[in-house]
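Engineer: Here's a structure for you.
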Amino acid sequence: MDCGFTGENGWFRYRAAAIIVENGCVLFAKNQLENYYYSIGGGVHLGEKAEEAVKREVLEETGVAYEVEKLVFIHENFFDGTGTLDGVRCHEIAFYFLMKPRGTQELNSNSYTQGVREYMHWLPIKNLKDYVAYPGFFAEKLLNIGDTIEHIVTFE
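Numbering (UniProt numbering), first residue to last: 1 to 156.
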């Protein structure tokens with residue numbers, strides 16, 4: 001069971017997400033229903049550590065067992081829902097982990113989310129601002145990942 005809930009006109013989720021970088025590109029997912037790219041990851045299960053959750057989610061979505069290098073961002077995201085969350089106030093807390101590179105962009109993905117096929121896309125970091133991709137702060141922050149954990153709050 002994911003750590004999250006839906007209440008009266010509100011939605012909350014605790015998420016673990018991955019930053020997978022290979023050859024100057026970062027991995028995003030996209031599906032046929034949405035007009036934007038989104039980071040790899042998903043809900044942390046009740047009783048699960050965030051680091052274990054991100055490894056599980058990455059394996060589920062990419063078909064590859066990546067290892068965690070380090071935690072780089074804690075993101076508090078406030079946004080108005082769309083699609084199945086249309087009209088709902090949303091609040092998500094996400095831990096973003098930088099994964100250890102493998103030296104290849106080859107994946108074995110066969111990922112579905114809520115019954116919809118997901119496709120993996122390697123987007124060039126230097127051109128991220130040209131894409132509709134979430135989280136939006138990746139376009140700036142991935143150009144120079146620091147040595148400390150950064151706390152980011154957005155209203156997207």
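Don't be surprised by glycine CBs; every beta carbon is placed ideally from N, CA and C.
1) Suppose the cutoff is 6 Å on Cβ atoms and the five residues either side in sequence are ignored; what does the same chain contact list for T154 look like?
2) Below 8 Å on the Cβ atoms is my contact criterion, and I expect S109 with G63 to pass it. Report the Cβ-Cβ distance as a whole number of Å.
3) Suppose you measure from the CA of T6 to the CA of L33; what does that come to, to the nearest Å?
4) Count the other CB atoms within 10 Å of the CB of Y96; is the residue buried (16 or more) or exposed (fewer)?
5) According to DSSP, is A65 part of a helix, a strand, or is it coil?
6) Taking C-alpha atoms, which residue in E8, G10, G146, I152 lies nearest to I93?
7) Short of 8 Å in beta carbon distance, which residues of its chain neighbour T104, apart from the five on each side in sequence? Order them along the chain.
8) Go to F138, then tell me how far its alpha helix (DSSP H) extends in each direction, as first and last residue.
9) Should V132 go down as buried or exposed, given a rule of 16 or more other Cβ atoms within 10 Å for buried?
10) Give the secondary structure of K30 by DSSP, where H, G and I count as helix, E and B as strand, and everything else as coil.
Structural biologist: Let's see:
1) N77
2) 5 Å
3) 21 Å
4) buried
5) coil
6) I152
7) E22
8) 138-141
9) exposed
10) Secondary structure at K30: strand, using DSSP grouped into helix, strand and coil.
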